[in-house]
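Enquirer:
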Amino acid sequence: MAGTSFFYLNTDQWRYEAFRADEFASPLGGDTFRGASFVDCLARAARLGWTPSFPTFNRNSLDLADEAARAGVPVSDYVVQELCSGRLRFACEDPDDPVNFPRILTVWRANLLGSSGKGMEYFMRHLLGTDDAVRAEETAPPLRPADVTWRDPAPRGKLDLLTAIDFRMTSTCTYADIVLPAATWYEKHDISTTDMHPFVHSFNPAIPPPWEAKTDFEIFHRLAEVFSRLAGGRLGRRTDVIAAPLGHDTPDELATPGGVVRDWRRGECEPVPGRTMPKIVTVERDYGAIAEKMRALGPLVDSLGTSAKGITWTPRQAVAYLQAANGVIRGGVADGRPSLARDVHLAEAILALSGTTNGHIALQAWQALEERTGMPLRDLAAERAEEQIRFADTQVQPRAVITSPEWSGAETGGRRYSPFVVNVERKKPWHTLTGRMHFFLDHDWIQAYGEALPAYRPPLDYPRFFGDQQIGDGTPEITVRYLTPHSKWSIHSEYQDNLHMLRLFRGGPVIWMSPRDAAKIGVSDNDWIEAYNRNGVVVARAVVTHRMPEGTVFMYHAKDRHLMTPKSEISGWHGGSDNSLTRVVIKPTHLIGGYAQLSYAFNYYGPTGNQRDEITVIRRRSQEVAYQ
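Going by the UniProt record's numbering, the first residue of the sequence shown is number 1, and it counts up by one from there.
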């Protein structure tokens, strides 16, 4: 599921909206969004199949398959019947029903609660059920959702178990029930690419993981072994039901002809899986064999092949290579399949099955694309068709990748990567409604927002909706625009808090502001200040600099609360992180699916968690701070 939507729902940030989706609709846009809240739009997008939603239904998906079998009805038909009768609902239509809570969350290779989670204080309150500094009032009854059930009181602490896998004691780890110590990049085998992917390179262990630390590969395999042992006798083989969204680069893109939106729930069309609602897909789960299957390359790659960007090829040569290079599994459900039992085996499989690192695969993919487009393309990989980059090759030095239709650039002849070269120079159709670069979009939701053509949208006028957020106790305060840019010292790195980096600047959390703004509230450089708004409170030192424009402050993102985080005079709790002042703001047009290029694909399209559009109030606080 798109992470933004998942956490917007399950941290109950939708319960604190102060305006509805129709607030930004065009006067000429009709009644598309009339009376709809943002969470109503999300629920509608889920039931139309535009976006994935998990948990999906308010009943166990394993039970749905069993019920359909007992009724003698195909699973897809049974699910449609149950939805239409109201006996089955999408979980996103009632996210505060305990049966729809996400009970177990595993955070791997991420710092959800100290970096990426917009609206951190709502995470604390509703997902974890711990201390929080939320100051917002819940949505007034006239503005509450029409399609999504509102329950009082709001639940606190939806999770039963939070597990973190990390090699640092991040904010997420400090709140987790279980922390599994992980190996760093210098203690394991792995592969990565440079930005824009012109080179692939390896990570190799300088030392084994120390003490109880394990590589993430080993951690998940050990978990799978225990899970298989416990689940095998309890669940065995079951049929699971998945509501799959309408996919990008598939015929699903034609599900909304003319951009006209029809909702089966409202009787505007028939509920047809894969057209007017999600695809209802069944998958057989052998819960006792999860670990065995993880250790081997599955058999469907031989028959169904692999796909990227809407084209498919069968990598028989790569599978044969992996059988020889990795060896095969003996016995069990994976008997005879190429082994993925070690991290180097998996790295080898990734390299062998990708056209960017296997010239034979690249040539196959270009040939398949030639058949689709009628344009000559195979020469883009012909010069390296016999080349295959193996894991051992990447251990020697970074290797230049091969031009493949998995990406839109061309590096043939040694040229540097630039996106969309194949579209521009080789006339490959663009993955759009017209097959060309175009800007006009005639989708109902986009037209309702007056954005059929590109339009400028100014920052949201929060003072209009939320009013004056200042406490008004006589302490000088100033209201400013609040930005959270990439860290000056650690873009996509975790080393901002080592001793060398801390000595370059002030160490703990800081907020940058202009001299004029600072003078208005009596703040000098390095003074302790508090920043607050309806979302939370931050305690930080002030960086007063002429480089900041008047009326705007910023706090570099991902400032974990490791040190120099005293208690707030406003909330009484330790001051928060940069995301204590932010929240998720969903734009409904980002939820559109089943419409040409505006269709769901993993890591491609969906709503973003906006953290560049907030206001905050800043005041000088007592310079005598307390940490206990």
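Every residue, glycine too, gets a C-beta built ideally from N, C-alpha and C.
Less than 8 Å between the C-beta atoms of E614 and L581, yes or no?
Expert: Yes, they are a contact pair.
Enquirer: Kindly indicate which three-state DSSP category K214 falls into: helix, strand or coil?
Expert: Of the three classes helix, strand and coil, the one that applies to K214 here is strand, per DSSP.
Enquirer: Kindly indicate which residue of S171, N579, R151, A182 has the alpha-carbon position closest to the one of I165.
Expert: Answer by Cα proximity: A182.
Enquirer: Which residue comes first and which comes last in the beta strand (DSSP E) that contains F465?
Expert: Note, F465: premise wrong, no beta strand (DSSP E); alpha helix (DSSP H) at 462 to 466.
Enquirer: Within 10 angstroms of the Cβ of F602, are there 16 or more other Cβ atoms? Answer buried if so, exposed if not.
Expert: By the neighbour-count rule (16 or more Cβ atoms within 10 Å), F602 is not buried but exposed.
Enquirer: How is A308 classed by DSSP in three states: helix, strand or coil?
Expert: In the structure shown, A308 sits in a strand (DSSP, three-state: E or B).
Enquirer: Confirm, please, whether the CB-CB distance from S37 to L113 is below 8 Å.
Expert: Result no, Cβ atoms of L113 and S37 do not sit closer than 8 Å.
Enquirer: Quick check on DSSP: helix, strand or coil for D190?
Expert: Residue state, collapsed to three classes: strand.
Enquirer: Quick one: what's got a C-beta closer than 8 Å to A136's C-beta in the same chain, skipping five residues either side?
Expert: Excluding sequence neighbours, A136 sits near Y16, R534, N535.
Enquirer: Along the chain, where does the beta strand (DSSP E) that runs through G536 open and close?
Expert: It spans 536 to 544 - the beta strand (DSSP E) in which G536 sits, taken as one unbroken run.
Enquirer: Tell me the DSSP bridge mates of V424?
Expert: Partner(s): none; V424 has no beta bridge.
Enquirer: Let's see if you can read the secondary structure: which residues bound the alpha helix (DSSP H) around E292?
Expert: Its alpha helix (DSSP H) spans residues 290 to 294.
Enquirer: Considering only the beta carbon of each residue, do M2 and P588 sit closer than 8 Å?
Expert: Rather than Met, the amino acid found at residue 2 in this sequence is Ala. Contact: no.
Enquirer: In terms of residue numbering, what span does the beta strand (DSSP E) encompassing I511 cover?
Expert: It spans 510 to 513 - the beta strand (DSSP E) in which I511 sits, taken as one unbroken run.
Enquirer: Determine the direct distance from the alpha carbon of D302 to that of Y595, and round the result to whole angstroms.
Expert: Straight-line Cα distance between these residues: approximately 31 Å.
Enquirer: List the endpoints of the continuous beta strand (DSSP E) containing L483.
Expert: Taken as a continuous stretch (DSSP letters only), the beta strand (DSSP E) holding L483 covers 477 to 483.
Enquirer: Mind checking whether H201 and T394 have CB atoms under 8 Å apart?
Expert: Cβ distance < 8 Å, so H201 and T394 count as in contact.
Enquirer: Have a look at A452, A410, S116, F217 and flag the residue whose alpha-carbon is nearest the alpha-carbon of T484.
Expert: Out of A452, A410, S116, F217, S116 has the C-alpha closest to the C-alpha of T484.
Enquirer: Can you tell me whether V421 is buried or exposed, with buried defined as 16 or more other CB within 10 angstroms of its CB?
Expert: The residue is buried, with at least 16 neighbouring Cβ atoms inside 10 Å.
Enquirer: By DSSP, does M277 sit in helix, in strand, or in coil?
Expert: Residue state, collapsed to three classes: strand.
Enquirer: Going by beta carbon distance, what residues of the same chain come within less than 6 Å of Q628, once the five residues before and after it are set aside?
Expert: Excluding positions up to five away in sequence, the list is empty.
Enquirer: Just to confirm the assignment, what range does the alpha helix (DSSP H) spanning V75 have?
Expert: From DSSP, the alpha helix (DSSP H) with V75 extends over 75 to 85.
Enquirer: Could you give the DSSP three-state label for R238: helix, strand or coil?
Expert: Correct three-state label for R238: strand.
Enquirer: Going by Cα to Cα distance, which pick from Y482, R416, E121 is closest to Y8?
Expert: Closest by alpha carbon: E121.
Enquirer: Cβ atoms of T56 and A91: under 8 Å apart, would you say?
Expert: Taking 8 Å as the Cβ cut-off, A91 and T56 qualify as a contacting pair.
Enquirer: Which ranges does the beta strand (DSSP E) cover as unbroken runs of at least 3 residues, wholly within the stretch 382 to 464, from first to last along the chain?
Expert: You should have found no qualifying run.
Enquirer: E187 to R464, Cα distance in whole Å?
Expert: Looking at the two C-alpha atoms, the distance is approximately 53 Å.
Enquirer: How should T306 be labelled, buried or exposed, when 16 other C-beta atoms within 10 angstroms of its C-beta is the threshold for buried?
Expert: Buried, since its Cβ has 16 or more Cβ neighbours within 10 Å.
Enquirer: Can you check which of these residues, V260, E67, T194, G157, is closest to P240 by C-alpha distance?
Expert: Note that residue 240 is Asp in the sequence shown, not Pro. Nearest option by C-alpha distance: E67.
Enquirer: If you check the beta carbons only, do V538 and P509 fall under 8 Å apart?
Expert: Yes.
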